[in-house]
Every structure is written in structure tokens, then in C-alpha cells.
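Protein sequences appear in the order of chains A, B and C.
If you use our numbering, the first sequence closes out at 1282, no skipped numbers anywhere.
If you use our numbering, the second sequence closes out at 413, no skipped numbers anywhere.
If you use our numbering, the third sequence closes out at 357, no skipped numbers anywhere.
Think of the CB as a built atom: it goes at the ideal place given N, C-alpha and C, for glycine as much as any other residue.
Please read all numbers here as calculations on a predicted model, not as lab measurements.
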Amino acid sequence: MKRLLCALSILPALPAIPALPAAKPCGEITLATTTSTQDTGLLDSLLPMFKRETCIEVKPIAVGTGAALEMARRGDADAVLVHAPEAEKAYVESGDLIEGRRIMHNDFLIIGPTGDPARVRGQKDAALAMKAIGAGGSFVSRGDGSGTEKKELELWKAAGVSPASIAQREETGQGMGATLLVADARNTYTLTDRGTYLAFKDKLSLVPLVEGDPRLLNIYHAYVVNPGKHPTAHRSEAARFVRYLTDPKVQEWIGQFGRAKFGQPLFVPDAQTTSAKAGQPEETSGRSAARSR
Amino acid sequence: MDDLQHGVAEAFRLLVTGDPELYQIIARTLAISTVATALAMLAGIPLGYGLARGRFPGRTVLLSAVNTGMGVPPVVVGLVVWLLLSRSGPFGSLGLIYTKQAMVLAQFVIATPLVVGFTAASVQSLPVELPDLLYTLGAGRLRRLWIVAGEAQLGLLAAIMAGFGAVISEVGASMTVGGNLRGSTRVLTTAIVTETGRGNLPVALALGLLLLALAFVVNALLTIVQQRQRS
Amino acid sequence: MDVSVADLQFTRDGRSVLQIPALTFPSGTTTAVFGPNGSGKTTLLRLIAGLERPSRGQVRLGDVPVRQDKAARRCIGMAFQTAVFLRGSVRHNLDIALRLREVSASDRRSRIEEAVRECGVAHLLDRPARHLSGGEAQRVNLARALALRAPVTLLDEPLAGIDRSARTQLLADLPRLLATFAATTILVTHDREEAFRLADRLVVIIAGGVKAAGVKSSVYARPPDRETAELLGYTVLPANGRVVAIPPSSLRPGEGSLTFMLAVEDVIDMGNHLHVIGTIEGERVDLRLPASMAPPSAGSNLKVHAESNIVLLQG
């Protein structure tokens, strides 16, 4: 008994013993991405696939869009996958992000209580819908500087409504999932990306009310962090990852992701799309816009 | 280091310019944690006293439970409270989720085992005959508790500092049950998470420094009182 | 106020600690509850104070049963074995004790002055109570109990843990103090000298049962059995098929009505007398011989006899 106790007493110390360094012949990269992307579960399936094929380990750090872009600027990440084209522009111009590629898109939708007090159900113009919500109902915002929040603020602006003037608008300062839970508890309107919505659908009593407006498109780009500015960035592995995302096989896989679980895919693959679409940032790495793939 | 300097500068700027939102957050942080700690004292000190003095079956088990409770991760407490208060939970109809009251509740649950544990330890370190002496002198139960608490002051102040320190610095439960709502349930710790998430590092650092300063001031006051009792 | 006990039993952890069918402490007397360690005497005191609840039976203070409530506690003033004080000065401690008894401010002042004066600790009034020496602490402890002027005063080993000179002093002062302040006193001790010097009456408790109770001279003169006799200081020896208890220091050299053979082990020259240590029938005994006598040699046999107060024991 005594010996057993002695043996057991080392158990608490075991976690402190450094794990044998895993053989890392292929390297690893840090990917700065957003909580929305993380919440969809896309990376949980995609990254192991990437590792199997290339043996490169990708460490995803999911934070707000603002923080993800800042990570790139500080050199804390090797690659970036975000969906805030307007904000991304500044970082591309400053040279922090290079070799950007458009990967996929999904869309945002406005969800709300089944009772729909603001009467926006089926409204095709997202800005008008927001105007009605601002006047009548209440709203829960992410308030965290994310791509979703930026989209929300764009819509308020287009509607001519100042967010501060809305009496019952609450900001959670958190990710999409947490914000959905708060909106659900408050039984009120919010703007969400489809991916997170589908993942949370069963937990929510709120329903989709406004969708389809082209302004509600949510476009994802992947970038490599410029090693010229941050010599420790793992450029070749990061570039490999970005290339992988645009590979037709992977693109097809992305196009199917979510169908089994949610009945519909969460994303629309976009790598073949030229950057000539209105409002999309140009790729500034100097490669030709039209890609043959 | 650069960021640290910016953080300190930002902290001063926010305080000096009297940023109203910041002052609100500070006031809210103090209010919630103080109320929770006060409630934890009201519940925990008599419980700790009873546990230290009592002789009943299962006392050791209860004491072990309290000691375990001291080590429960606050985020777990937050999760459990959230499950109880969320709309689909058993107490959902109370509408307490994402309110300050919910945060007080969660922080109360976190602080109480600490207060009970520290109180029991400090009462047990008193001369064992003290409550007996008071009993024979004719002191009723409440009077005895009051006098013993006075004798155990050093230990009890340590209990309060432990409880307060735990709740003012915790973020998991506050985030989960409070929702970090701007203007209503956002406190210093959850605000730090938000600002960090935005990449607003100088502001996040400033908030962190303010939190440290706040905790320090409160603990300094309590320590002064405690050390004065020592003589 | 007298204290009486009826059909008292106390069990702890399944073990019977105390069984007393009947016992009385008459009003105005000082009784020493005397017995070896672990005999249950402190438990008896605690039961009288109301700190423990009996498994069976009753303790009465006067006519009132001691239930664990405030009114009964008013009748008790207790000094514990280890002097326990609150933080603060001696004066503060005495003051709090009297305040808990709801004594008025002016009465408190006069009682404290009187108690510390009589107990010889007036000079310690402003000293922090926890900084007192053993002897000082016990005196203050006593002063506190006596200042309560309770009808029944309980003292648990009042002279325990203090150094020799302080003890001697207190031993001399205590009877007078008890006479001045205390009405009925019950004190617990394992020390024979304390018991006989401080009390009028004796209650001998061994293994939870009362072996003898009454005025000390009669208790001393008639020990009921071997255990009690030895506790009271007798030397118990077999003689002619009977068992006799011989009071200490009553063996003399030579023959007498009851003669024994002492096997000498050691002889110590004490200056004015010889101290002989030896055994009689395996029982160790001490004997004083006048210095004028020729010292017997170790290993020799010496005839001795007992003088007075031999007690015949049953069995």
C-alpha cells in the first residue's frame, strides 16, 4: 500500500515533465484566424488533412479580426486567414501581409425572434432591415472589432442610423458563438455569419429573417506574413498552406464542408474567382490576377 | 517593453481624462466583487467557525469538500451557474442570465469556500478552550462567534483578502454568466479580454495595470488593518 | 448552593467514561475531586459546567437541573487548566468576563480591584494577558473566576504547569481566597498534596466511578480498596493472609504488633536521618531511621513494624 501511494504521488508531477520533442522534420506554422472561422469547425477538419499531406503542423490561434491582423503586424503569426477585406487592405498596403489569395466566402444573415417585432422578415435590402430594427426592436452586437462587427457598422451607416442612438443595442465584446447565446437569451436581433449560425442552430430559438443581400457577403482571404519585415516567419510553410487552400481538391472539399452535419454547405469556394469583383482587395504580391487552376 | 510603456501611458491617460466608460467599469468591478465577498463572509465565517468547532459525523468529509472547493477553477463555477440560469436551464425563468446579479452569484460561489477554509483554519489555531471559556461566562452562540471572530481577526482578514482577491481577478465565470455586455456587465477582467481580442494592446495593458492597482489598494488597506491588530 | 448528581453516565466513542449513581457537593464546602489521569474527573467538572451533555442522568445546581442554557451558567465560575485569555490587557480580560455576566460598570471596577489585590496580581493589570508567566497567568485565571462571585466555583487543576516557588505560594494563598470569594468550590486535581491542603471534602474517582466521598479525614481513614488506598498514599502489604494499608511514614524499625521483613536495597545518609529503600514482599517501601542507628547494609533484612492507623482492606 505504501509503495502504491509512493508511486501515485509522482502523478501530479508528470505534466511538468517536458514531452519528448516530437520529431519535426516538416516544421510548424502559426495561423492567425478568427473565432468565427474556428467556431465553424472548418479548421478542425482541414488542418489534420494538411498535416497528413505535407507533414506541416498548423497551430491556429483564433482571436478577433483586429487581433489577428495585429498578430501579423507584430510577427506573432506566419499565416493569416480572415474575412474583413476593408481592414485587410491597410495591412497589405503596409507590406505586413503578402501573397494574399481569396479562398472562400459565406454570407451573413440577420436573425431574430420568431415574433419579428420589427417586421423585417423577407426584407431583401439589408440596410432597410437594419433601419427598421434600429427604430423598433433591439440588437446584440459583437462589439469586438471583428469582421462581423465591421459589417454590422457598415450596414448601420448605409441605413443612416447611428448605433449609439439605439436604446437597446448591447455589445458583448466576444466571439460569434457567445454573442448568439446572449442574443438568444435576450430574444432579440443580431447579425451572424451563416457558418456559426448553422453550427448553433439547434441551441437557438432565433430564426433567419434577412438574407441574400449582396452586401451580406463575407469573403475570406489567406495571407502569408511578410518575412521581409519579420525574419522569423516561416515563409515557405506558410506559402505552402495558402497554396493548399487554393488547390482544386481542397476547394471542392471546402464546398462540401458542413453538408453532412447541417444539411447545407457552410462556404462557397472562391479561389478561382478573379479579384476583379467590386470591392475586393487586389492581390499585391505581383502575381497575375487570373489563375489557371 | 515598448508595449509596457504604452500601457502605462495609456493607463494614466484614461484615468486623467476621466474616461466615463472606464470609471463605470471600475465602479462596477468593485461593486460586484465587494458585494460577492461580503456575502461570502456572511455565509462563510459562521460555516468556518462551525466546521472548526463542531464534532459531528462527516466533519472530515465536509472539510475535505471545502478544501477541494477552494481549488475549483472559477470557469467551471461559471459554467455551472450559466447552465442553471440560462433560459433553457432550471432557473431560466428568473431572467438572471447575463446580469450583474448572476455575476455576484458566481463570484459568491467562488469566494465562499476560500472564506470557510481560511476561517476554519484560523479558528482551529485558537486555544481550544476559548469557546468553552466564553460559554461558561454566559456568552450566547452569537456572542461567542463574535468574540472568537475578534480573536481570530488576523486569520479572518486573510480569509477576506483571499476571497476578494480570487473574485476580482477572475475572468472565466464573469465572462460566461455576465456576457461582458458593454454598459451593464463588463468588468475590468472581461474588458481586458475584449481589448486583447481587438488587438488593442496598450488599452488592454492599461486595464491590466489598473486592475493590479485596484487589487493592491484594497489589499493594502486590509493588510494595514490586519497588522495593526497584531500589536 | 449545593451541587448534586443523580444516575449520571457519560459515554464517548462507545466507551463509558463516567458512571456515578449519586453524589452531592454540599453548599459552602470546598471539595477536591481527586483521581489519576484519565479517571473522568475533568469530564465530571465539564458536566457540572454544562459543557458536556450526559448520556444519562442529571446534574443539578441547587434545585435546577443544568441544561445547556444561560441561566444555569450564571451560577458557575470556572477556571480552566490552561489559562485562556483574549487579546488585550489583564484588565480588559477581567472586564469582558464581568461584562458578559452583565455586571454594572462601577461594580466591575470594584470587583476587579478586589480580585487582583487578593490574588496578588494588581501590578499586572495593564500587562498584555498573553505575556504572563505561568504562575502569573494562573493567578489571573483564578482572579477572573473568583471575581464572578458565582455560587459554584469550578477549578480544573488550579496548580498545574507552574514552577515550584509559584506553586508553593499559591498553595498557601488559595484556601484563604476560596474562603473569601467562593461559596461552593469543586476543584479537580491529580495531586494528593493539593487535594488535602485545599479542600475540606474529598471525592476519589478511579476509572469513572466514585470510590469514596466525604469529609477528607474520614475518606482518608477508610479507603475501600487497594487502588484507593494506594492513591491516597498508603503502602499496601500482605500480612497474615490479609491485606493491610499502611499510612506513609509509619514504619518503624523493630518488632511490633504487625511485623514485616524489609529487604534493604539502598541506604542514603540524609544528614539528620537515614533514608532506607527496600521491599517488603515485593512492594517498594521507604523508611526513615534515626541518624544514630547503625546503617543496615544493602541486601540485609531488617525487621520493621507499623505504628498507627493500619487499615484492614477487604480481599
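Under a 10 Å Cβ-count criterion, Phe290(B) is classified as buried, with 16 or more other Cβ atoms of the shown protein chains found around its own Cβ.
Listed along chain A, the residues sitting closer than 8 Å to Ile279(B) by beta-carbon distance are Ala1174. A direct Cα-Cα distance of roughly 6 Å separates Val353(B) from Thr372(B).
Taking 8 Å as the cut-off between beta carbons, the residues of the region 307–327 of chain B near chain C are Pro309, Glu311, Leu312, Asp314, Leu315, Leu316, Tyr317, Thr318, Leu319, Gly320, Ala321, Gly322 and Arg325, in sequence order. The residues Val47, Leu50 and Val252, in chain order, have a CB closer than 6 Å to that of Ile62(C) in the same chain once the five nearest residues on each side in sequence are set aside. The contact set of Asp1191(A) on chain B, defined by CB atoms closer than 8 Å, is empty, because the minimum CB distance reaches about 11 Å. Only those residues of the region 367–378 of chain B whose C-beta falls short of 8 Å from the nearest C-beta of chain A are listed: Arg368, Thr372, Ala373, Val375, Thr376 and Thr378. Distance between Ile118(C) and Ala125(C), taken at the CA atoms: about 17 Å. Here the alpha carbons of Leu1058(A) and His188(B) stand approximately 19 Å from one another.
Assignment of Val108(C) by DSSP, reduced to helix, strand and coil, places it in the coil class. For Lys1113(A), the secondary structure class from DSSP, reduced to helix, strand or coil, is coil.
Bounds of the alpha helix (DSSP H) holding Arg239(C) are Arg234 to Leu240.
Put simply, the region 1033–1050 of chain A does not touch the region 1164–1178 of chain A. Fewer than three CB pairs are less than 8 Å apart. Contact between the region 337–352 of chain B and the region 209–227 of chain B is present: 3 or more CB-CB pairs across the two stretches fall below 8 Å. Cβ-Cβ separation between Ile247(C) and Gly82(C): approximately 6 Å, consistent with a contact (criterion under 8 Å).
A straight-line Cα-Cα distance of about 22 Å links Arg150(C) and Phe122(C).
Closest option to Ile288(C), judged by alpha-carbon separation, among Glu307(C), Gln180(C) and Asp267(C): Asp267(C). For the options Leu103(C), Thr195(C), Gly298(C) and Tyr262(C), the alpha carbon positioned closest to that of Val230(C) is the one of Thr195(C). Taking every protein chain shown into account, the CB of Glu144(C) has fewer than 16 other CB atoms within 10 angstroms, so this residue is exposed. Setting aside the 5 residues that flank it on each side, Pro96(C) is surrounded in the same chain by Leu50, Phe52 and Leu89, each with a C-beta closer than 6 Å to its C-beta; the list follows chain order. The Cβ of Ala1188(A) sits no closer than 7 Å to any Cβ of chain B. Residue state for Thr219(B) is assigned as helix, using DSSP reduced to three classes.
Per DSSP, the beta bridge partners of Met1093(A) are Tyr1209(A) and Pro1258(A). Residues Thr84, Leu87, Met120, Ala121, Phe122, Gln123, Leu229 and Val230 of the same chain have their beta carbon placed closer than 8 Å to that of Asp198(C), with the five preceding and five following residues left out of the count.
For the pair Ala341(B) and Phe300(B), the CB atoms are nearer than the 7 Å cut-off. The count of Cβ pairs closer than 8 Å, one atom from the region 1224–1240 of chain A and one from the region 1016–1030 of chain A, reaches three, so the stretches are in contact. If you check the CB distance, Phe1097(A) and Leu1198(A) do not come in under 7 Å. Sequence-distant partners of Asp168(C) (beyond 5 residues in either direction) whose C-beta falls short of 8 Å from its own C-beta, in its chain, are Ser131, Val132 and Arg133. Per DSSP, the continuous beta strand (DSSP E) segment holding Phe76(C) begins and ends at Thr72 to Phe76. Between Thr73(C) and Val245(C), the gap from beta carbon to beta carbon is short of 7 Å. Taking 7 Å as the upper bound on Cβ-Cβ separation, chain B lies near residues Arg115, Arg116, Ile118, Met120, Phe122, Thr124, Val126, Leu128, Arg129, Ala139, Leu142 and Arg143 of the region 113–145 of chain C. By the Cβ criterion, the region 222–237 of chain B is not in contact with the region 376–396 of chain B, since fewer than three pairs of Cβ atoms, one from each stretch, lie closer than 8 Å.
As a beta-bridge residue in DSSP terms, His317(C) pairs with Ile310(C) and Arg330(C).
In the structure shown, the three-state DSSP call for Gln187(B) is helix.
Burial state of Lys1238(A) is exposed, judged by a 10 Å Cβ sphere holding fewer than 16 other Cβ atoms.
Residues of chain B whose Cβ lies closer than 7 Å to the Cβ of Asp1133(A) are, in chain order, Thr376, Gly379 and Arg380.
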